[in-house]
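Student:
In the numbering used here, the protein residues as written are 779 to 1131.
1. Per DSSP, which one or two residues make a beta bridge with residue 831?
2. Checking the sheet assignment: what are the DSSP bridge partners for residue 1072?
3. Tell me the DSSP secondary structure of residue 934 in three-state form.
4. Please report how far the alpha carbon of residue 930 lies from the alpha carbon of residue 1096, in whole angstroms.
5. Could you check what DSSP says for residue 1086 in three-state terms: helix, strand or coil?
6. Could you tell me whether the Cβ atoms of residue 991 and residue 1075 are closer together than 7 angstroms?
7. Might you give, ordered along the chain, the residues of its own chain that have their beta carbon closer than 8 angstroms to the beta carbon of residue 994, omitting 5 neighbours on each side?
8. Do residue 1006 and residue 1058 count as a contact pair if the criterion is CB distance below 7 angstroms?
9. If you run the structure through DSSP and keep just helix, strand and coil, what is residue 968?
10. By Cβ distance, which residues of its chain are closer than 6 angstroms to residue 828, with the 5 residues on each side in sequence left out?
11. Could you say which of 969, 985, 971, 915 lies nearest to residue 949 if we only look at CA atoms?
12. If you reduce the DSSP assignment to three classes, tell me which class residue 1041 lands in.
13. Got a sec? Which residues, its chain only, sit under 7 angstroms from residue 1000 by beta carbon, not counting five neighbours each side?
14. Can you have a look at residue 981 and say buried or exposed, based on whether 16 or more other CB atoms are within 10 angstroms of its CB?
15. What three-state label does DSSP hand residue 1018 in the structure shown?
16. Excluding the 5 residues flanking residue 967 on each side, which residues of the same chain have their C-beta closer than 7 angstroms to its C-beta?
17. Rounded to whole angstroms, what is the Cα-Cα separation between residue 1010 and residue 969?
18. For a test of the three-state rule: what should DSSP assign to residue 929, helix, strand or coil?
19. How about residue 919: is its C-beta nearer than 7 angstroms to some C-beta of chain B?
20. Please state whether DSSP places residue 1078 in a helix, a strand or coil.
21. Kindly indicate which residue of 977, 825, 1067, 1017 has the alpha-carbon position closest to the one of residue 955.
22. Check the C-beta distance from residue 1048 over to residue 845 and give it rounded, since I have them as a contact under 8 angstroms.
23. Once DSSP output is grouped into helix, strand and coil, what is the label at residue 867?
Below, the structure is given as structure tokens:
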């Protein structure tokens, strides 16, 4: 027994010595100090946290929801403009301004798609108004779910979530209008792209600050979310400027036709924008910790919905479907018959003996 203990101590000492030797070699390796400094740099740590948090999965869901809601939103907005203006010239200008929100390489295909849908829609314009409201709730409901997963909080109840989506959609429409007007004003200056970049970044940072502040059920103050909004907004504007270059280097998206090209173009654009939005949220969470400030139309904690894992819900429903065992339940017919048969056999044995 003593020999076994002594052997175990020697083995542990040997392992400790090997680990210390490896650590010493790692520290003595050229550039090891630089590698540790790079890993401890805040942007690298945030990138590592973003990758480990699996926020890209939520960005995919958010981008897909935006893709589905894009045409109902555009048709609803154009229908409202048509009912309010009733001037074909002004309506065409408003339509062109709305299209300018999207990447320049996708604008011709979007105009053709919107014209085709509107000419064959009929009463679809009225239905698109309902789609406008529903799309608002779906976009911001998905965004609330993603931010809830990142912040580790609970969601609103369904009614409050829909109301929050409607209010945020109004703010989004206002932000889009300001962006379009800013781009029109920036075109009057000599360095239009510089002025447009500055104004667009300011509008995007303001919009993201509102998203981070009001969309989650529990969030942070505006001054706290501003660094993440500044980071994500600037990256989105840089990406929007460089996206046409990416399309040109990729050889265009029209290899399989204009329809598929438009789909791939918008899917890539929405996905990267969603990634950058959630990256700013991860940056805020990395800096600030657990949020406690109430969001827009927030639910009390006892009415909030906890985001549960799918396997937990499945196991709970599976357990609820199984019949509960009753401790004093009467035996089944088969058990009673087996019991009578056993008694009969015992009596027969006693009579024969």
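We put the beta carbon where it would ideally sit given N, CA and C, even for glycine. Model, not experiment: these values are computed from the prediction.
Tutor: The relevant details are as follows:
1. Residue 831 sits at position 53 when you count from the first residue of the chain shown. Note: residue 831 sits in no beta bridge, so no partner.
2. As a position in the chain shown, residue 1072 is number 294, starting the count at 1. In the DSSP output, where bridge partners are listed per residue, residue 1072 has 996.
3. Reading the chain shown from its first residue, position 156 is the one you call residue 934. Coil, per DSSP.
4. Taking the chain shown and counting its residues from 1, the one referred to as residue 930 is at position 152. Taking the chain shown and counting its residues from 1, the one referred to as residue 1096 is at position 318. Looking at the two C-alpha atoms, the distance is approximately 26 angstroms.
5. Along the chain shown, one-based indexing puts residue 1086 at 308. Under the three-state reduction of DSSP, residue 1086 is assigned to coil, being neither helix nor strand.
6. Translated into positions along the chain shown, residue 991 becomes position 213. Translated into positions along the chain shown, residue 1075 becomes position 297. No, they are not a contact pair.
7. Residue mapping note: residue 994 aligns to position 216 of the chain shown, counting from 1. By the criterion of a C-beta distance shorter than 8 angstroms, residue 994 is surrounded in its chain by 922, 925, 926, 929, 931, 1069, 1073, once the five residues flanking it on both sides are discounted.
8. Start at 1 with the first residue of the chain shown, and residue 1058 comes out as number 280. Start at 1 with the first residue of the chain shown, and residue 1006 comes out as number 228. Cβ distance < 7 angstroms, so residue 1058 and residue 1006 count as in contact.
9. Stepping through the chain shown from its first residue, residue 968 is reached at position 190. Reduced to three states, the DSSP call for residue 968 is coil.
10. Looking up residue 828 in the chain shown gives position 50. The answer, listed in chain order, is 1057, 1060.
11. By one-based count along the chain shown, residue 949 stands at place 171. Of the candidates 969, 985, 971, 915, the one whose C-alpha sits nearest the C-alpha of residue 949 is 985.
12. Stepping through the chain shown from its first residue, residue 1041 is reached at position 263. In the structure shown, residue 1041 sits in a helix (DSSP, three-state: H, G or I).
13. To locate residue 1000, count along the chain shown from 1; it is residue 222. Residues 987, 991 of the same chain have their beta carbon placed closer than 7 angstroms to that of residue 1000, with the five preceding and five following residues left out of the count.
14. Taking the first residue of the chain shown as 1, we reach residue 981 at position 203. Answer is buried; the Cβ neighbour count reaches 16.
15. On the chain shown, position 240 is the one that residue 1018 refers to. Three-state DSSP puts residue 1018 in a helix.
16. Looking up residue 967 in the chain shown gives position 189. 973, listed in sequence order.
17. Residue mapping note: residue 1010 aligns to position 232 of the chain shown, counting from 1. Residue mapping note: residue 969 aligns to position 191 of the chain shown, counting from 1. It is roughly 24 angstroms from the alpha-carbon of residue 1010 to the alpha-carbon of residue 969.
18. Position 151 of the chain shown holds residue 929. Residue 929 falls in the helix class under three-state DSSP.
19. In the displayed structure, chain B is absent; only one protein chain is listed.
20. One-based indexing of the chain shown puts residue 1078 at position 300. Taken through DSSP and simplified to helix, strand or coil, residue 1078 comes out as coil.
21. For this step, residue 955 is matched to residue 177 along the chain shown. Of the candidates 977, 825, 1067, 1017, the one whose C-alpha sits nearest the C-alpha of residue 955 is 977.
22. On the chain shown, residue 1048 is found 270 positions in, with the first residue counted as 1. On the chain shown, residue 845 is found 67 positions in, with the first residue counted as 1. Between residue 1048 and residue 845 a beta carbon distance of about 6 angstroms is seen, short of the 8 angstroms cut, so the two are scored as contacting.
23. On the chain shown, position 89 is the one that residue 867 refers to. For residue 867, the three-state secondary structure derived from DSSP is helix.
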